[in-house]
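*Asks:* Here it is, the structure, as structure tokens.
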Amino acid sequence: METRLPDHGAGDVTEAGNAGSSGDAETATEPGHVGGGGNDEESGPEMPLDDAELARLKVNELGRVPIIMYHDIQDYEAEWVRSKDNFRRDLERFYELGYSLVLLSDYLEGNINVPAGRSPLVLTFDDGTRGQFRFVETDEGLVPDPDCAVGILLEFSRTHPEFGHAATFFVYSWSPFGEPSQAEAKFKFLLENGMEIGNHTFSHKDLAYASPEEVAAEIGKLANEVRRICGYDTVSLALPYGGYPKSTENLLGGTWDGQDYVNKGILLVGAEPAPSPYSKKFNPLAIPRIRGSQDELDKWLRELEKYPETRFISDGRNDTVTIRQADVANLNQDMAADRTVRVYAPPEE
Numbered sequence: 122m123e124t125r126l127p128d129h130g131a132g133d134v135t136e137a138g139n140a141g142s143s144g145d146a147e148t149a150t151e152p153g154h155v156g157g158g159g160n161d162e163e164s165g166p167e168m169p170l171d172d173a174e175l176a177r178l179k180v181n182e183l184g185r186v187p188i189i190m191y192h193d194i195q196d197y198e199a200e201w202v203r204s205k206d207n208f209r210r211d212l213e214r215f216y217e218l219g220y221s222l223v224l225l226s227d228y229l230e231g232n233i234n235v236p237a238g239r240s241p242l243v244l245t246f247d248d249g250t251r252g253q254f255r256f257v258e259t260d261e262g263l264v265p266d267p268d269c270a271v272g273i274l275l276e277f278s279r280t281h282p283e284f285g286h287a288a289t290f291f292v293y294s295w296s297p298f299g300e301p302s303q304a305e306a307k308f309k310f311l312l313e314n315g316m317e318i319g320n321h322t323f324s325h326k327d328l329a330y331a332s333p334e335e336v337a338a339e340i341g342k343l344a345n346e347v348r349r350i351c352g353y354d355t356v357s358l359a360l361p362y363g364g365y366p367k368s369t370e371n372l373l374g375g376t377w378d379g380q381d382y383v384n385k386g387i388l389l390v391g392a393e394p395a396p397s398p399y400s401k402k403f404n405p406l407a408i409p410r411i412r413g414s415q416d417e418l419d420k421w422l423r424e425l426e427k428y429p430e431t432r433f434i435s436d437g438r439n440d441t442v443t444i445r446q447a448d449v450a451n452l453n454q455d456m457a458a459d460r461t462v463r464v465y466a467p468p469e470e
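In the numbering used here, the protein residues as written are 122 to 470.
Written out as structure tokens, the structure is:
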């Protein structure tokens, strides 16, 4: 059967599912910049902002990034379940607070591509439940159920194109999205519509008790299975139960059954906003997330609203990293190496 994205009209969302369009990175050496290269004004999605506008928007690309962790989406609310109505409210809240979505893989690479003055937010979903993604039959074929996470997210981005619909779904092998017979169709739909698949181990094993060999087996088997089903290479791992292995051997990469796997980021279960990928605090081996429950969302969204100077706020260009003068020492030069780094001094500094 054919699977289709509901016809919402051209131009409503970008092809990649992110809120902005990327520009080619170059490096520049000029006044007000750190590092080398020229600032190619044609390469970014927006013209460079002057210092006064940067200060007005409070641009800070070393600020923190919320990575939200959801599990199931259902009609009801429970400890590890977000109701569909509350999930819709969450999306509206994120949007109204000035967030736009980016893929986890883009965050890990430093491709923070959102409009100027807005902040990146990453949506992650663990366990691959039916509430996250199920199809319904229509005259035009299979389409996402409008009450599952994928359907809700696509509908919201149709009416809020600046928000986007990027999301990462961490699956394990027992029954992806509750219907193994539809795994290929669902994986391909996600990938074709600006979303991505992450690794949640083969059997949802707590890796805190796993040997390096067991770590390789759990990660490698799942990576191989996803590759077999849809030809996609997963690039991130969400730790089941948050269990961290005693050894990091085979965690970021390894080989299983003759096939290599790579994890560019290891995600924890909690419990705070993540550092900017350009910050020296960024550690790909331990990336924190915020649980998608009412209490945790309230706690951290309010804190980021109360202390906006700690929040990642974009300059609107993917070829530059804009930071405040006071934060220069916190810049991870390696992550910013292929971009122009712009430094400015807000009036309060």
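For glycine and all other residues, C-beta sits at the position ideal for the given N, C-alpha and C.
When burial is assigned at 16 or more other CB atoms within 10 Å of the CB, is ALA237 buried or exposed?
*Replies:* Residue 237 sits at position 116 when you count from the first residue of the sequence shown. The residue in question, ALA237, is buried, as its Cβ has 16 or more Cβ neighbours within 10 Å.
*Asks:* If we call anything under 8 angstroms between Cβ atoms a contact, is LYS385 one with ASN451?
*Replies:* For the purposes of this step, residue 385 is identified with residue 264 of the sequence shown, where counting begins at 1. For the purposes of this step, residue 451 is identified with residue 330 of the sequence shown, where counting begins at 1. No. Outside cutoff.
*Asks:* Does the region 195 to 203 come within contact of the region 347 to 365, defined as at least 3 CB pairs closer than 8 angstroms?
*Replies:* No contact exists between the region 195 to 203 and the region 347 to 365.
*Asks:* What residue range is occupied by the uninterrupted alpha helix (DSSP H) comprising VAL347?
*Replies:* The residue labelled residue 347 in the question sits at position 226 within the sequence shown. Residues 333 to 351.
*Asks:* GLY184 and PHE433: beta carbons closer than 8 angstroms?
*Replies:* The residue you call residue 184 lines up with position 63 of the sequence shown. The residue you call residue 433 lines up with position 312 of the sequence shown. Contact: yes.
*Asks:* Here's a check: name, in chain order, each residue in its chain whose Cβ is nearer than 7 angstroms to the Cβ of PHE208, leaving out the five neighbours to either side.
*Replies:* Position 87 of the sequence shown, counted from the first residue, corresponds to residue 208. The answer, listed in chain order, is ILE194, ALA270 and ILE273.
*Asks:* Relative to the alpha-carbon of THR245, which residue among ALA457, HIS281 and VAL292 has its alpha-carbon at the smallest distance?
*Replies:* As a first step, residue 245 must be located in the sequence shown, where it is residue number 124. For THR245, the nearest C-alpha among the options comes from VAL292.
*Asks:* Reducing DSSP to helix, strand and coil, say where GLN303 ends up.
*Replies:* Position 182 of the sequence shown holds residue 303. Reduced to three states, the DSSP call for GLN303 is helix.
*Asks:* Rounding to the nearest angstrom, what Cα-Cα distance links TYR228 and ASP260 in this structure?
*Replies:* On the sequence shown, position 107 is the one that residue 228 refers to. On the sequence shown, position 139 is the one that residue 260 refers to. Cα to Cα, the separation comes out at about 38 angstroms.
*Asks:* Count the other CB atoms within 10 Å of the CB of GLU163; is the residue buried (16 or more) or exposed (fewer)?
*Replies:* Your numbering for residue 163 matches position 42 in the sequence shown. In this predicted model, GLU163 has a pLDDT of only 37, less than 50, meaning its place in the structure is not dependable enough to derive any value.
*Asks:* Provide the residue(s) that pair with TYR191 in DSSP beta bridges, ordered along the chain.
*Replies:* On the sequence shown, position 70 is the one that residue 191 refers to. DSSP lists PHE246 as partners of TYR191.
*Asks:* Given a cut-off of 8 angstroms on the beta-carbon distance, is the pair ILE408 and LEU388 in contact?
*Replies:* By one-based count along the sequence shown, residue 408 stands at place 287. By one-based count along the sequence shown, residue 388 stands at place 267. Yes, they are a contact pair.
*Asks:* Kindly list the residues whose CB is nearer than 8 angstroms to the CB of THR250, restricted to its own chain and excluding five residues on each side of it in sequence; keep chain order.
*Replies:* Taking the sequence shown and counting its residues from 1, the one referred to as residue 250 is at position 129. Around THR250: HIS192, ASP193, ILE194, PHE298 and GLY299.
*Asks:* Could you tell me the alpha carbon to alpha carbon distance between ARG203 and LEU418, rounded to whole angstroms?
*Replies:* For this step, residue 203 is matched to residue 82 along the sequence shown. For this step, residue 418 is matched to residue 297 along the sequence shown. Roughly 12 angstroms separates the two Cα atoms.
*Asks:* Just to check my reading of the structure: PHE284 and SER221 have Cβ atoms closer than 8 angstroms, yes? What is that Cβ distance to the nearest angstrom?
*Replies:* Taking the sequence shown and counting its residues from 1, one reaches residue 284 at position 163. Taking the sequence shown and counting its residues from 1, one reaches residue 221 at position 100. Contact flag correct, Cβ pair sits at about 6 angstroms.
*Asks:* Please confirm whether ASP211 and ALA359 have their CB atoms less than 8 angstroms apart.
*Replies:* Numbered from 1 along the sequence shown, position 90 holds the residue referred to as residue 211. Numbered from 1 along the sequence shown, position 238 holds the residue referred to as residue 359. No, they are not a contact pair.
*Asks:* Check the DSSP bridge columns for THR289 and list the partner residues they point to.
*Replies:* Residue mapping note: residue 289 aligns to position 168 of the sequence shown, counting from 1. According to DSSP, THR289 bridges with THR245 and GLU317.
*Asks:* Quick check: TRP377 and ASN345, are their CB atoms within less than 8 angstroms of each other?
*Replies:* Here residue 377 refers to the residue found at position 256 of the sequence shown. Here residue 345 refers to the residue found at position 224 of the sequence shown. Against a cut-off of 8 angstroms, the Cβ pair of ASN345 and TRP377 comes out as a contact.
*Asks:* Once DSSP output is grouped into helix, strand and coil, what is the label at ASN451?
*Replies:* Numbered from 1 along the sequence shown, position 330 holds the residue referred to as residue 451. Note: ASN451 maps to helix in three-state DSSP.
*Asks:* Can you list, in chain order, the residues of its chain with a C-beta nearer than 7 angstroms to that of LEU175? Leave out the 5 residues immediately preceding and following it.
*Replies:* For the purposes of this step, residue 175 is identified with residue 54 of the sequence shown, where counting begins at 1. So the list reads ASP436, THR443 and TYR465, once near-sequence residues are dropped.
*Asks:* Could you tell me the boundaries of the beta strand (DSSP E) in which GLU258 lies?
*Replies:* Start at 1 with the first residue of the sequence shown, and residue 258 comes out as number 137. 256 to 259 is the extent of the beta strand (DSSP E) around GLU258.
*Asks:* On a Cα-Cα basis, can you pick out the residue from LYS326, GLY262 and ARG349 that is closest to ALA338?
*Replies:* If you number the sequence shown from 1, residue 338 lands on position 217. Considering only alpha carbons, the answer is LYS326.
*Asks:* Between ILE332 and the rest of its own chain, which residues show a CB-CB distance below 7 angstroms, the 5 nearest in sequence each way excluded?
*Replies:* Numbered from 1 along the sequence shown, position 211 holds the residue referred to as residue 332. What sits at residue 332 in the sequence shown is Ser, not Ile. Same-chain partners within the cutoff: there are none.
*Asks:* Given a cut-off of 8 angstroms on the beta-carbon distance, is the pair ASN314 and THR355 in contact?
*Replies:* Indexing the sequence shown from 1 puts residue 314 at position 193. Indexing the sequence shown from 1 puts residue 355 at position 234. Result no, Cβ atoms of ASN314 and THR355 do not sit closer than 8 angstroms.
*Asks:* From LYS179, PRO169, GLU393 and GLY341, pick the residue whose C-alpha is nearest to that of MET190; which is it?
*Replies:* Mapped onto the sequence shown, residue 190 falls at position 69. Considering only alpha carbons, the answer is GLU393.
*Asks:* Rounded to whole angstroms, what is the Cα-Cα separation between LYS427 and PRO267?
*Replies:* Start at 1 with the first residue of the sequence shown, and residue 427 comes out as number 306. Start at 1 with the first residue of the sequence shown, and residue 267 comes out as number 146. Rounded to the nearest angstrom, the two C-alpha atoms are 34 angstroms apart.
*Asks:* For ILE444, which three-state DSSP category applies?
*Replies:* Here residue 444 refers to the residue found at position 323 when the sequence shown is read from its first residue. Here ILE444 sits in strand by DSSP.
*Asks:* Whole angstroms are fine: how far does the CA of PHE256 sit from the CA of LEU311?
*Replies:* On the sequence shown, position 190 is the one that residue 311 refers to. On the sequence shown, position 135 is the one that residue 256 refers to. Looking at the two C-alpha atoms, the distance is approximately 12 angstroms.
*Asks:* Rounding to the nearest angstrom, what Cα-Cα distance links SER143 and ASN232 in this structure?
*Replies:* Here residue 143 is taken as the residue at index 22 of the sequence shown, counted from 1. Here residue 232 is taken as the residue at index 111 of the sequence shown, counted from 1. Caution is warranted here: a pLDDT of 38 is assigned to SER143, below 50, making its placement in the model unreliable, and the coordinate value is therefore given only provisionally. SER143 and ASN232: Cα-Cα distance of roughly 8 angstroms.
*Asks:* Quick check on this structure: which residue in THR431, GLU213 and PRO398 has the alpha carbon closest to the alpha carbon of ALA457?
*Replies:* As a first step, residue 457 is located in the sequence shown; it is residue number 336 there, counting from the start. Selected option, being the one with the closest Cα: PRO398.
*Asks:* Rank GLU213, LEU225, ARG239 and ASP171 by C-alpha distance to the C-alpha of PRO429 and give the top, closest one.
*Replies:* Translated into the one-based positions of the sequence shown, residue 429 becomes position 308. When only C-alpha atoms are compared, the closest one is ARG239.
*Asks:* Could you tell me which whole beta strand (DSSP E) segments of length 3 or greater appear in the region 362 to 436?
*Replies:* DSSP runs (the beta strand (DSSP E)) wholly in the region 362 to 436: 374 to 377, 380 to 383 and 386 to 388.
*Asks:* Report the start-end ranges of each beta strand (DSSP E) in the region 188 to 229 that is 3 residues or longer and not cut off at the edges.
*Replies:* Runs of the beta strand (DSSP E) inside the region 188 to 229: 188 to 191, 193 to 195, 202 to 204 and 220 to 222.
*Asks:* In this structure, what does DSSP give as the bridge partners for ALA359?
*Replies:* Within the sequence shown, the letter at position 238 stands for residue 359. Its beta-bridge partners are LEU388.
*Asks:* From ARG445 to PHE308, what does the alpha carbon distance come to, in whole angstroms?
*Replies:* Counting from 1 along the sequence shown, the entry for residue 445 is found at position 324. Counting from 1 along the sequence shown, the entry for residue 308 is found at position 187. Approximately 41 angstroms between the Cα atoms of the pair.
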